[in-house]
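Student: Going by full-length UniProt numbering, the residue at position 55 of the sequence shown is 55; the numbering climbs one at a time, nothing skipped.
If you scroll down you'll find the structure; I have some questions about it.
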Amino acid sequence: MSPIWVVLIALATLIIGVALGFFIARRYMMNYLKKNPPINEQMLRTMMMQMGQKPSQKKINQMMRAMNNQQGK
């Protein structure tokens with residue numbers, strides 16, 4: 001086998017591996033997010049009530065903004 005064929009086979013294998021890895025990781029993350037949805041206002045309100053706090057809408061909005069800013073970084 002000539003070195004050109006070895007390089008072409010290695011490149012093809014690499015490209016196929018990257019594509020398969022991407023789609024497997026994407027499917028895994030979609031399933032994970034479906035089973036464990038990101039926190040929303042209702043969950044935050046429930047957590048605050050369980051901790052003995054009476055949540056106001058202003059406080060919930062403030063905490064959601066802080067969480068969204070943290071995720072954006």
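Note that CB positions come from ideal geometry on N, CA and C, so glycine has one too.
For clarity, every value in this text was computed on a predicted model and none was experimentally measured.
Would you kindly work out how many angstroms separate the C-alpha atoms of Lys34 and Ile60, rounded to a whole number?
Tutor: So the alpha carbons of these two residues sit roughly 23 Å apart.
Student: Which residue from Leu11, Leu8, Met64 puts its Cα closest to that of Met48?
Tutor: Residue Met64 is the option with its Cα nearest to Met48.
Student: Do Met67 and Ile24 come within 8 Å of each other at the CB atom, strictly closer than that value?
Tutor: Result no, Cβ atoms of Ile24 and Met67 do not sit closer than 8 Å.
Student: Quick check: Pro37 and Arg45, are their CB atoms within less than 8 Å of each other?
Tutor: Result no, Cβ atoms of Pro37 and Arg45 do not sit closer than 8 Å.
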